[in-house]
Amino acid sequence: MSHSETFFDYRDLITGVDTKIPLKNGKLVPAINFDNAATTPPFNYVIEKINSFLPYYSSIHRGNGFKSKLSSDAYEMSRDIVCNFVHCDPQKNTVIYVNNTTGAINKLSYIFNNLYKNSIILSTRMEHHSNDLPWRSKFKMDYVEVDELGKLKLSDLKYKLKKHHGKVKLVCVAGASNVTGYKNPIYTIAKIAHHYGAEILVDGAQLVPHYPIYMQQKSKEESIDYLAFSAHKMYAPFGIGVLIGPKNTFSNAPPEYSGGGTIKVVTDNSVLWDDPPGKNEAGTPNVLGVTALVSSIKVLNKLSLNSIDKRESDIYNYTLNKMLQLPDITIYGDTNPGCDKVAILPFNIKGLHHETTAKLLSDLSGISVRSGCFCAHPYVQRLLELSPEEINYFKTHFNNFRPGIVRLSFGLYNTYNEVDILIDTLKKIIKNKK
Ligand SMILES: Cc1ncc(COP(=O)(O)O)c(C=O)c1O
Numbered sequence: 187m188s189h190s191e192t193f194f195d196y197r198d199l200i201t202g203v204d205t206k207i208p209l210k211n212g213k214l215v216p217a218i219n220f221d222n223a224a225t226t227p228p229f230n231y232v233i234e235k236i237n238s239f240l241p242y243y244s245s246i247h248r249g250n251g252f253k254s255k256l257s258s259d260a261y262e263m264s265r266d267i268v269c270n271f272v273h274c275d276p277q278k279n280t281v282i283y284v285n286n287t288t289g290a291i292n293k294l295s296y297i298f299n300n301l302y303k304n305s306i307i308l309s310t311r312m313e314h315h316s317n318d319l320p321w322r323s324k325f326k327m328d329y330v331e332v333d334e335l336g337k338l339k340l341s342d343l344k345y346k347l348k349k350h351h352g353k354v355k356l357v358c359v360a361g362a363s364n365v366t367g368y369k370n371p372i373y374t375i376a377k378i379a380h381h382y383g384a385e386i387l388v389d390g391a392q393l394v395p396h397y398p399i400y401m402q403q404k405s406k407e408e409s410i411d412y413l414a415f416s417a418h419k420m421y422a423p424f425g426i427g428v429l430i431g432p433k434n435t436f437s438n439a440p441p442e443y444s445g446g447g448t449i450k451v452v453t454d455n456s457v458l459w460d461d462p463p464g465k466n467e468a469g470t471p472n473v474l475g476v477t478a479l480v481s482s483i484k485v486l487n488k489l490s491l492n493s494i495d496k497r498e499s500d501i502y503n504y505t506l507n508k509m510l511q512l513p514d515i516t517i518y519g520d521t522n523p524g525c526d527k528v529a530i531l532p533f534n535i536k537g538l539h540h541e542t543t544a545k546l547l548s549d550l551s552g553i554s555v556r557s558g559c560f561c562a563h564p565y566v567q568r569l570l571e572l573s574p575e576e577i578n579y580f581k582t583h584f585n586n587f588r589p590g591i592v593r594l595s596f597g598l599y600n601t602y603n604e605v606d607i608l609i610d611t612l613k614k615i616i617k618n619k620k
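In the numbering used here, the protein residues as written are 187 to 620.
Given below as structure tokens:
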């Protein structure tokens with residue numbers, strides 16, 4: 187059986203997987219998407235479920251009619267499905283819907299700002315801006331450094347937690363990096379954080395769609411306190427994201443947004459807030475987003491995240507192996523095939539600007555990749571080993587061929603045949619570069 191046949195069933199699950207797009211020369215070819223870390227295409231099942239739900243679609247918590255009750259019940263029941271998917275404790279935790287990971291982390295940062303104003307937040311130099319900037323604007327920060335391969339230094343985590351004498355309230359860390367794909371040892375990090383009196387937030391944007399996560403561990407010390415993720419990266423568009431955390435945290439602080447849906451009683455001069463999650467979901471909820479999310483979870487569970495991880499690792503290793511044989515390619519991070527990663531491969535062609543490589547891949551073969559700094563500037567600056575002078579220069583000349591990387595990120599439906607087209611195209615680009 188050929189490699190591409192192995193993936194046939196997986197391709198059948200995806201909407202638009204064979205959409206034809208024009209190359210620069212006008213020829214129509216099937217689009218190849220190696221940009222799944224940004225957004226994945228939808229599962230067919232998700233679209234079918236949305237379409238079958240739409241005739242019943244109605245207001246959530248804002249009506250007594252049959253459709254409104256049905257929609258509201260579906261919305262509320264979804265929380266258990268999400269909680270089960272990431273193995274959280276439903277007694278202790280609440281599942282709050284937001285727009286995306288960025289919304290989730292901003293929300294948590296407001297709550298923490300209310301509860302723990304003078305504490306320190308410990309983020310890392312690997313983070314997406316969404317797990318750095320919301321904290322930066324409100325707290326004194328410190329960052330766990332990365333080593334020369336871009337991996338988190340656990341010794342620095344311990345050092346910084348110790349140095350701040352129990353003032354670190356939260357350690358914010360990516361479950362997997364959106365630049366190198368490294369899976370961070372989140373349960374070990376949880377144990378270390380808890381030992382020093384801090385809690386842990388895992389930014390699950392790049393981990394949850396690709397690998398099982400167990401928020402509740404056998405030992406409390408290793409359990410994950412807060413988790414954020416986005417449905418649009420897990421084959422479920424329609425604008426929903428998730429924030430999970432202890433009910434107590436959200437009960438103890440006022441909501442960052444107030445208005446319809448957040449209260450039990452309002453009088454002329456008083457407000458009695460609802461319990462979480464209602465308190466933390468101001469305005470009319472996004473039931474279509476939630477329908478998409480639970481439908482996608484159903485498919486991911488059926489396929490099993492362990493099998494998905496295996497498939498994606500296989501295609502990553504196949505690509506890595508081929509790329510390592512090409513001349514003039516720099517691959518960033520650990521190129522050991524045994525490295526614990528999600529399927530993300532950052533590279534550059536020597537002597538070619540990252541934007542040029544990305545454009546040529548699209549123009550010549552209809553291949554989508556992302557290039558640049560991937561909303562993780564401090565991390566990419568380290569991977570590229572930029573000097574302080576270079577970083578300063580690009581602060582004021584940011585449109586001037588700014589430094590960056592080309593990123594391949596795989597989804598469960600990508601094929602070996604697509605990788606072969608990528609490799610042939612890279613060969614052409616390398617051969618013809620001046
Ligand atoms: C690791 C990580 N965190 C957070 C985000 C932000 O996700 P969203 O744009 O869905 O808010 C991303 C998006 O790429 C990401 O990769």
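Ideal Cβ positions, reconstructed from N, Cα and C, are used throughout, including at glycine. Source: prediction; values computed, not measured.
- Every alpha helix (DSSP H) stretch that sits fully inside the stretch 457–538 and reaches 4 residues is listed by chain position as 473–489 and 491–510.
- Per DSSP, L294 is one residue of the alpha helix (DSSP H) stretching across T287 to L301.
- V332 is the residue among V332, S456 and G249 whose C-alpha sits nearest the C-alpha of R311.
- For K293, the shortest C-beta to heavy atom distance toward ligand 1 is 8 Å or greater.
- By the Cβ neighbour-count rule, I207 is exposed, with fewer than 16 other Cβ atoms within 10 Å of its own.
- Remark: fewer than three beta-carbon pairs, one from each stretch, lie closer than 8 Å, so the stretch 501–511 and the stretch 569–589 are not flagged as touching.
- By alpha-carbon distance to A562, the top candidate from I483, D318 and D460 is D318.
- In its chain, beyond the 5 residues on either side, L506, M509, L510, L531, P532 and F533 have a beta carbon closer than 8 Å to the beta carbon of I517.
- Scanning its chain for C-beta atoms nearer than 7 Å, with the 5 sequence neighbours on each side dropped, one finds around S548 the residues S554, in chain order.
- In this structure, L335 sits away from A379, with a CB-CB distance that is not shorter than 9 Å.
- For Y565, there is no enclosing beta strand (DSSP E); the residue is found in the alpha helix (DSSP H) stretching over H563 to L569.
- About 11 Å separates the beta carbon of V388 from that of L429, a gap too long to meet the 8 Å contact definition.
- Fewer than three Cβ pairs drawn from the stretch 249–260 and the stretch 268–281 lie within less than 8 Å of each other, which leaves the two stretches out of contact.
- Excluding residues up to 5 positions away in sequence, I307 lie with their Cβ nearer than 6 Å to the Cβ of F325 in the same chain.
- Taking 9 Å as the cut-off, the Cβ atoms of L612 and I501 do not count as close.
- N434 counts as exposed, since fewer than 16 other C-beta atoms from the protein chains shown sit within 10 angstroms of its C-beta.
- In this structure, ligand 1 has no non-hydrogen atom nearer than 8 Å to the beta-carbon of T310.
- Sequence-distant partners of R588 (beyond 5 residues in either direction) whose C-beta falls short of 6 Å from its own C-beta, in its chain, are F580.
- Secondary structure at N219: strand, using DSSP grouped into helix, strand and coil.
- The residue among G251, I616 and N503 with its C-alpha nearest the C-alpha of V605 is N503.
- For L429, the uninterrupted beta strand (DSSP E) segment begins and ends at G427 to P432.
- The beta carbon of I515 is closer than 8 Å to those of M509, F533, N534, I535, K536, L612 and I616 in its chain, skipping five residues each way along the sequence.
- Taking a 10 Å sphere around the C-beta of M420, we find 16 or more other C-beta atoms and assign the residue as buried.
- Here the C-alpha atom of H540 lies approximately 10 Å from the C-alpha atom of C559.
- Residue pairing of D389 in beta bridges, as defined by DSSP: A360 and A414.
- In this structure, F298 keeps its C-beta atom at 9 Å or more from the C-beta atom of S309.
- Taking a contact as a CB-CB distance under 8 Å, the pair A439 and E408 does not count as one, their CB atoms being some 26 Å apart.
- Restricting attention to L479, T582 and S363, the CA atom closest to the CA of F229 is found in L479.
- Between the alpha carbons of T226 and K484 lies a gap of roughly 16 Å.
- Non-local C-beta neighbours of T470 in its own chain, meaning closer than 8 Å and more than five positions away in sequence, comprise S245, I246, R248, G446 and G447, ordered along the chain.
- For P208, the pairing in a beta bridge is given by DSSP as L214.
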